[in-house]
Structures are given as structure tokens and as C-alpha cells.
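Here's the structure we're looking at; comments come further down.
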Amino acid sequence: MPETLRAQPCNLREPRRTSCPLSRRSPRVQPPVPGSSPGAARTGRVVTMTRRAAVQTGLYGVGAAALIGATGGWSRTADETERQPVFARGTTLDSTIAPSGRSGYRRLASRDGEPVVVRHDLAAARSGRTERRTGLAALVQITDLHIVDTQNPMRWEYLDGKVGTAYRPQELLGAQGANALVGAINALSVGPLTGRPLDAVIATGDTTDNHSGTELDVLLGVLAGGQVTPDSGGADYEGVANAGLWRHWQPGSEGEDRYARAGFPHLPDLLHAAMRPFYAPGLAVPWLMTMGNHDDTVMGTLMTRPFAEEWATGTRKIYDARGDATLFLAELAACTELDPRRIDQAAGLLTDLARRGDTRTVTADPRRAPFTTDEYLAALRSPRFAGAGPVGHGYEADADASRLHYVHRLGEKVVAISLDTTNQAGGADGSIGAGQLAWLGEKLAEHADDYVLVFSHHPSWTMSNLVPDPRLPGEARHGGDAVLDLLHEHANVLAWVTGHCHSNTIKPRRHRDPQRSFWEINTVSHIDAPQQARIIEVAGNGDGTVSLLTTMLDADSPLRPSYDDLSTAALGGLYREIAFNDLGQRERGGDPSDRNAELVLTDPFA
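Right under this line is the structure:
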């Protein structure tokens, strides 16, 4: 576990371990391609797909072999391979995506699909299970979409180089990229390894980037459907992308910037196209929300203070700055745990930077103000964003700022429990209050006869932010170890599913009693390459084991869009291409066993 900060600001001059790496480097990742699946009619709450049925319907994935290795792990032992029946089309079982070429700006190309890696770290996989398999639940996890209002004056792009996530060249196309992901989910319709119709989509936080009302409006428009306008302020673009800066991509400029020197395309009309309204179909299946740190703090780290709203809704945008003040702001933006008393110092520093640095006048927009938790909940309950339901998108009628956890039934025998691991005191990392931890124990006991999937934004290893939360200032905060210990007490827990780290990682959480072991599943973001979602299917194997089947999914957008095509679909493809070429990008896709995987467990009800 990462070391615990003790309510002190991070010090960039003294490197320390971080819970999720914030630095970025050249891409070496190889993710997957979208498409459409043949679909399947809903035949009931439980779906069984046998080998014979798969063959008869032509649904075997050519490259989708289950790779079974030695006890306690996984390997690629060919003579122990068992084929899996799949609805593979449109998933990474069918094909994947990778940059072509070895260096420079690289366009993307289709590659062979990735097989299912059988992981029996926690229980042995038994032959013949695919013929006995029963689908109990099927869902798609989307996480860390980071919808960005790139014109918001409260963004600190000038910290790029000091804070790895302060700026990304693809961020101005996030709405179109998210819309393409929705298209891929809608085309999928069923779980690829069980054929069970999707029960839900669960967004595990950081759906907005800067806690801004304009970002929330765009995000919910994409998920619910309808006209989406990814623009704010005046009629013309007013951000760093046309400010003539060397550090940031200037797609419409004839001049040179560091991205143009690296081979990024010259796209004179891109900024206008990126801000253009478009129609979003919205998700066709029910979708649920979970809060992330970027959804309830400015920059994902700063407690909302009056100065933040004043800057966000004001007319001055700092687009280039240097000096010690930027170092202090970078420390605040990169902190995993933060003393709230230091946040107010940022107000004076911003004023100083505006006087010393380069600023531009922008059109004020009151919609850019940081949204409150009550406004967030009201938006999710509004008819405008009802979409495919449910009302509140998981949050109960009595939910408020201090009660953002809930239970949602996915299937006849499967429930989801969503936790709020954010800390509104500030800091990027999370924790959980004593009251919510007790509630979790009660709900796990209440659903002792159900399989349980737990969802939160933060994984266990990023829950060291134990500063008191201002929502419940007198309540003790607990870290990830406390949650792990509690989950181990309940045999019905199959997995803890998270985001936050922008990478694919699956960790076995062993217990001496095999029935109390579970998996911790961490999924890559949809802003940084490889920009994937994760399909998760729960399947009973009829042999004393249960499997979690995870399959990665890419957005449904052109693989190599023409630079003359500025349609919404083409912009979605460009969003992915630019992300793979981001000069600060680092490898995030994980190992094959962290992507398309069968996670075997002892069935607690066998």
C-alpha cells in the first residue's frame, strides 16, 4: 500500500511513492477495435449458452481460446486450451487496435483479437464448464471518461510538464469519443461469453474532469441521448488550442508547436467542429453512476472554494505561466492527500500568475461553476437525463452529499453495491467513512444469498486519504485495507471493481477460506489510450465454481478517419488516434491477463 500522507502538501522536490503513477511516457500499448454484434433476444433473467448452441449459431470466436495454466496462475499451455463460445464481433476477442509503425506520429491499424486468459489463482478451472455455463449477470463498466470543458478559465493547462494530467491534446474531443463508446455498447447488446443481454452499464467515477457544470451537462447528454453541445462561453473557441503556444497542440495554426513537430496533423477547422452540436443516441440499457474525485473537487484535488467559482465563471484565463507559484499549484494538483488549509493559498497565487503570466480575455459563462452534490443528484433525477433509466441512475430518493452509496439488483442472484470513496477535503486519493463502512457490512449480510459485485472509483491501494471529510467532519475515515478486510468476511463477494488509475489491473485477493477470496478489478480510462470499457459477465459453471468473464471493448468509431472528415463519428476516431500519440502517453493496457480474462472462484453457494 502507498505510504499515508499526514495532512501535508505534496513536495515535488522530494519524490515519493504515488498510489497511481501520474507521469506519462511514450505509448507501447496495444488495445482493440469496435464493431457490431449479432445481438440476441432476451429469453429470461438467466441465459445458458452451450458449446453445441454456439456452433449451431456460428458464434464461435475464431481467436477466442481459453488459456489454462498451472494451479495458482495462468499460462499459455496449448494442450490445456478449451475453446469458449462467444459473441465475439465488436469486442477485443474479435480484433484489437495498435499503432502502426515504430516511431513518430502513428496511425492506427487493426490486429488479431486477444484470447481469453483463464486465471485460476483462486480456484481451479474445470473442463467442460463452457457447456454447463449459466449467465447470471452481464454489465459494462465505463470509467474515467473525463469530459473536459477546455475553455474553462479554472483549468491549469500551464502546469503540463509538472502535472502529467494537466493537459491532453485529445481532450477537446471527449464528447465525441464518449458518444462512440456508447455506440459500441449499444451494438454489443449481449455479453460475449454467455450471450446474456446486458443488465446495466456502470460508470465508476471521474466522468467529468474539472467538476464543472458544463462538463456534467455534456456527459449526461451523451449517456441519456439527445442534442449535445460541447461548447461554452462565446461563439468562437477560447482556449489553449488556438493561443499560439509551443507547449500545446495548435491544430489550426500554420506555425509550429511541439505536437506539430512530432507529426500531429494540421486541421484548420477542427476547433469549430469540436464545439459543434451533435445528436447522441444515448445508452440503450440502464446506466448507473458512481462518484469520482474529479466529480466532486476542482482538478480532482481541490476542495471547492469561492475563488474557484469566481475563476471558473470569470473572464480571465491564464494560458501560460512560470515561476515558483506554478510549482506550488502543481503540488496541490498532484496531491493524493491534502491539508485543506493550504487550498486557500491558491487564490492569491492565481491572482499573482494572472498579473505575471500570459492571460487572455474569454467570454464568461455561469454554467462553468463547479456543481454541488445536490445539483449532481438533481440532474440524474431529471426527466431530461432519464435515458434508459433507472430514475436517479442508482442513487436512492434520499441520497444526499453524505449518502452517495447504494445497492442495485443486476440479476435474480446478483447485486451491485456502489460506494462513495471520494473525500471532499481534497486530494486525489480516496477513503471511506466509518458510517458507510458499517452500512457496507450490513448490506453484505442482508444480501448473503446473492452474489455481490462491489463498485467504487478508488481501488484499495489508492485509499490512503484519511483527512476528515467536511461532509462528516467528526467521522473517522478508513483506508483500502479496512474495505478488503470487510469484504473477506463475506463469502458472497465476487469482485471489487474500480477505476481511478487509468490502467488495466486484476489482482487476486486470497483468503485462507477459498470461499472468501475475491478479485479486485481495475479498469483503464476512456481519455488516455487505450480508451477501453470492460464487459463483466457473472457465470455459474455448474461444477462448484463461478467465473467472472471480463472482455475489453473499444469505441465504435473509424479506425483511421480521413482528416477531411469532421463528422461526429470521425472526430470520435480522431480522439482515439490523438490519445495514442499524446506526447505524454504511457503504457496503460496491462498484461493480457488483465484484459480478456476468466476469473475463476469457488462458488459460495455450491
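Each step along the sequence shown adds one to the number in the UniProt record's numbering, with nothing skipped, and position 397 is 397.
Note that the Cβ used here is the ideal one computed from N, Cα and C, for glycine as well.
Looking at residue i: is its Cβ nearer than 8 Å to the Cβ of residue j?
{"i": "residue 198", "j": "residue 191", "result": "yes"}
{"i": "residue 140", "j": "residue 527", "result": "no"}
{"i": "residue 609", "j": "residue 292", "result": "Residue 609 cannot be examined here, being either before or after the span of the chain that is shown, 1 to 606."}
{"i": "residue 174", "j": "residue 148", "result": "yes"}
{"i": "residue 214", "j": "residue 542", "result": "no"}
{"i": "residue 262", "j": "residue 583", "result": "yes"}
{"i": "residue 440", "j": "residue 472", "result": "no"}
{"i": "residue 376", "j": "residue 159", "result": "no"}
{"i": "residue 309", "j": "residue 369", "result": "yes"}
{"i": "residue 581", "j": "residue 114", "result": "no"}
{"i": "residue 514", "j": "residue 602", "result": "yes"}
{"i": "residue 435", "j": "residue 489", "result": "no"}
{"i": "residue 506", "j": "residue 594", "result": "yes"}
{"i": "residue 349", "j": "residue 312", "result": "no"}
Is residue i helix, strand or coil by DSSP?
{"i": "residue 395", "result": "coil"}
{"i": "residue 591", "result": "coil"}
{"i": "residue 109", "result": "strand"}
{"i": "residue 188", "result": "helix"}
{"i": "residue 548", "result": "strand"}
{"i": "residue 364", "result": "coil"}
{"i": "residue 383", "result": "helix"}
{"i": "residue 212", "result": "strand"}
{"i": "residue 345", "result": "helix"}
{"i": "residue 427", "result": "coil"}
{"i": "residue 406", "result": "strand"}
{"i": "residue 87", "result": "coil"}
{"i": "residue 18", "result": "Any reading at residue 18 is ruled out, since the residue's pLDDT is 45, under 50, leaving its predicted position unreliable."}
{"i": "residue 605", "result": "coil"}
{"i": "residue 46", "result": "Its pLDDT being 38, under 50, residue 46 is placed unreliably by the model, and nothing is read from it."}
{"i": "residue 232", "result": "coil"}
{"i": "residue 596", "result": "coil"}
{"i": "residue 586", "result": "coil"}
{"i": "residue 511", "result": "coil"}
{"i": "residue 238", "result": "coil"}
{"i": "residue 443", "result": "helix"}
{"i": "residue 61", "result": "Model confidence at residue 61 stands at a pLDDT of 37, short of 50, so the residue's coordinates are unreliable; what they give is reported in the following sentence. Residue state, collapsed to three classes: strand."}
{"i": "residue 176", "result": "helix"}
{"i": "residue 222", "result": "helix"}
{"i": "residue 575", "result": "helix"}
{"i": "residue 458", "result": "coil"}
{"i": "residue 167", "result": "coil"}
{"i": "residue 329", "result": "helix"}
Please name the residue, chosen from the options, that lies closest to residue i on a Cα-to-Cα basis.
{"i": "residue 521", "options": "428, 528, 504", "result": "504"}
{"i": "residue 417", "options": "150, 480, 404, 189", "result": "404"}
{"i": "residue 414", "options": "449, 312, 397", "result": "449"}
{"i": "residue 467", "options": "542, 243, 453, 424", "result": "424"}
{"i": "residue 168", "options": "186, 248, 470", "result": "248"}
{"i": "residue 397", "options": "386, 381, 385", "result": "381"}
{"i": "residue 373", "options": "586, 470, 603, 359", "result": "470"}
{"i": "residue 498", "options": "421, 436, 544", "result": "421"}
{"i": "residue 289", "options": "164, 605, 438, 455", "result": "455"}
{"i": "residue 453", "options": "507, 493, 93, 512", "result": "493"}
{"i": "residue 294", "options": "435, 429, 477", "result": "429"}
{"i": "residue 573", "options": "170, 600, 391", "result": "170"}
{"i": "residue 578", "options": "592, 350, 172, 532", "result": "172"}
{"i": "residue 188", "options": "104, 89, 119", "result": "89"}
{"i": "residue 591", "options": "523, 103, 540", "result": "523"}
{"i": "residue 222", "options": "177, 250, 272, 479", "result": "177"}
{"i": "residue 463", "options": "532, 446, 431", "result": "431"}
Give the C-beta separation of residue i and residue j to the nearest angstrom, bearing in mind that I take them to be a contact with Cβ-Cβ under 8 Å.
{"i": "residue 336", "j": "residue 465", "result": "6 Å"}
{"i": "residue 122", "j": "residue 538", "result": "About 15 Å separates the two Cβ atoms, so there is no contact after all."}
{"i": "residue 207", "j": "residue 219", "result": "5 Å"}
{"i": "residue 126", "j": "residue 550", "result": "19 Å between Cβ atoms; not a contact."}
{"i": "residue 285", "j": "residue 388", "result": "6 Å"}
{"i": "residue 275", "j": "residue 210", "result": "The pair is not a contact, with the Cβ atoms about 17 Å apart (cut-off 8 Å)."}
{"i": "residue 150", "j": "residue 239", "result": "4 Å"}
{"i": "residue 426", "j": "residue 302", "result": "5 Å"}
{"i": "residue 599", "j": "residue 547", "result": "6 Å"}
{"i": "residue 244", "j": "residue 362", "result": "Not quite, the Cβ-Cβ distance comes to about 15 Å (not below 8 Å), so this is no contact."}
Does the beta carbon of residue i come closer than 8 Å to any beta carbon on chain B?
{"i": "residue 207", "result": "Absence of chain B from the displayed structure is noted, only one protein chain being present."}
*Is the segment 96-114 touching the segment 542-559, taking contact as three or more C-beta pairs under 8 Å?*
They touch, by the three-pair rule.
_Three Cβ pairs or more, each shorter than 8 Å: is that satisfied between the segment 135-154 and the segment 561-575?_
Flag = no, the segment 135-154 and the segment 561-575 do not touch.
_the segment 215-228 / the segment 274-287 touching (three or more Cβ pairs under 8 Å)_ = Verdict: yes, contact present.
*asked:* Taking contact to mean 3 or more Cβ pairs, one atom from each stretch, closer than 8 Å, check whether the segment 325-334 and the segment 251-266 are in contact.
replied: Output reads no: the segment 251-266 does not touch the segment 325-334.
*asked:* For the segment 346-365 against the segment 311-319, do three or more pairs of beta-carbon atoms, one drawn from each stretch, fall closer than 8 Å, so that the two count as touching?
replied: These segments touch.
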